[in-house]
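The opening residue of the sequence shown carries number 190 in the numbering used here; numbering runs sequentially from there.
Below: one structure, written as structure tokens.
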Amino acid sequence: MDSEPPADVSADPPRVLPGAPVMVSVCTTCKTIDGVAVGAPMLEAVRAALAGAGAVQVRAVQCLSACKRAATVAVSSEGGYTFVFSDLDGASGADAVAAFVASYQDSHYGLVPWRQRPEVLRKGTVVRLPPPQWSPDDGRAPA
190 MDSEPPADVS ADPPRVLPGA PVMVSVCTTC KTIDGVAVGA PMLEAVRAAL AGAGAVQVRA
250 VQCLSACKRA ATVAVSSEGG YTFVFSDLDG ASGADAVAAF VASYQDSHYG LVPWRQRPEV
310 LRKGTVVRLP PPQWSPDDGR APA
């Protein structure tokens, strides 16, 4: 389970860079084990769920390499964490991604605590990757 941001962060910690868009990447080549294409429909569902969301860009990508866990969506931003979620299904998965993006935009480096994520994303988390400027010496978010 993910931990909360470090206790010694300032009272007003840095958020995802102001004005920097959150990038939502949706795998368009995802198929179920039965061969049913679910990537393109997930892309359209995510676009609909995030319509009017402000500084969010939704893009199609070919293969996020989580092929055994379709459908797959990644959420990232400049200076923020990257999350990859799989095992998403239609509108409910797209709505969960939209809720996550709202929390991501208002969190310390995009680090949305595990308990604050929609349940389908808790179960469907493939990876949580720190931002590039992460401090490798002590494991804490950069100041």
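Positions of the beta carbon are idealized from the N, C-alpha and C atoms, including for glycine.
Checklist entry - Should the stretch 274 to 288 be regarded as contacting the stretch 255 to 263, the criterion being three or more beta carbon pairs within less than 8 angstroms? => result The stretch 274 to 288 vs the stretch 255 to 263: in contact.
Exercise. Please report how far the alpha carbon of Pro307 lies from the alpha carbon of Val316, in whole angstroms.
Key: 16 angstroms
Counterpart residues of Thr314 in DSSP-defined beta bridges: Phe274
(message) My assumption, with CB atoms under 8 angstroms, is that Val211 sits in contact with Ser266. Please give the rounded CB distance.
(response) 5 angstroms
### Task
Within 10 angstroms of the Cβ of Leu318, are there 16 or more other Cβ atoms? Answer buried if so, exposed if not.
exposed
- Message: Classify Pro320: buried if its beta carbon has 16 or more other beta carbons within 10 angstroms, exposed otherwise.
- Response: buried
Would you call the CB atoms of Val250 and Val213 closer than 8 angstroms?
no
Point to revise | Rounded straight-line distance, which links the Cα of Ala285 to that of Leu232 | key: 13 angstroms
### Message
Please tell me whether Ala287 and Ala209 are closer than 8 angstroms, where the distance is taken between their beta carbons.
### Response
no
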